[in-house]
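Numbering (the working numbering), first residue to last: 12 to 92.
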């Protein structure tokens, strides 16, 4: 992402008149978009997040199999067999 030094350089350029306010805002927006992309990738590839995703998918499959089983036959009929 953007480093603190990069932001300081942009702010100094703005204060010195090298960058217009619009150019500064455009560069800041681009830097924040890039940082957001990097943080999102780090989050999505985090081992804990991946493990939780796998566990959630397994639980959803199990719930779906129960729905299919009990949806075809009523619960009462299944228990009476």
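We treat Cβ as the ideally placed atom computed from N, Cα and C, and that holds for glycine.
Please report the residue range of the alpha helix (DSSP H) in which residue 22 lies.
15-26
Write down the C-beta distance between residue 33 and residue 21 rounded to the nearest angstrom, noting that I regard them as a contact closer than 8 Å.
No, residue 33 and residue 21 are not in contact; Cβ-Cβ is about 13 Å, not under 8 Å.
CB residue 42 to CB residue 17, shorter than 8 Å?
Yes. Within cutoff.
Backbone secondary structure at residue 60 - three-state DSSP:
helix
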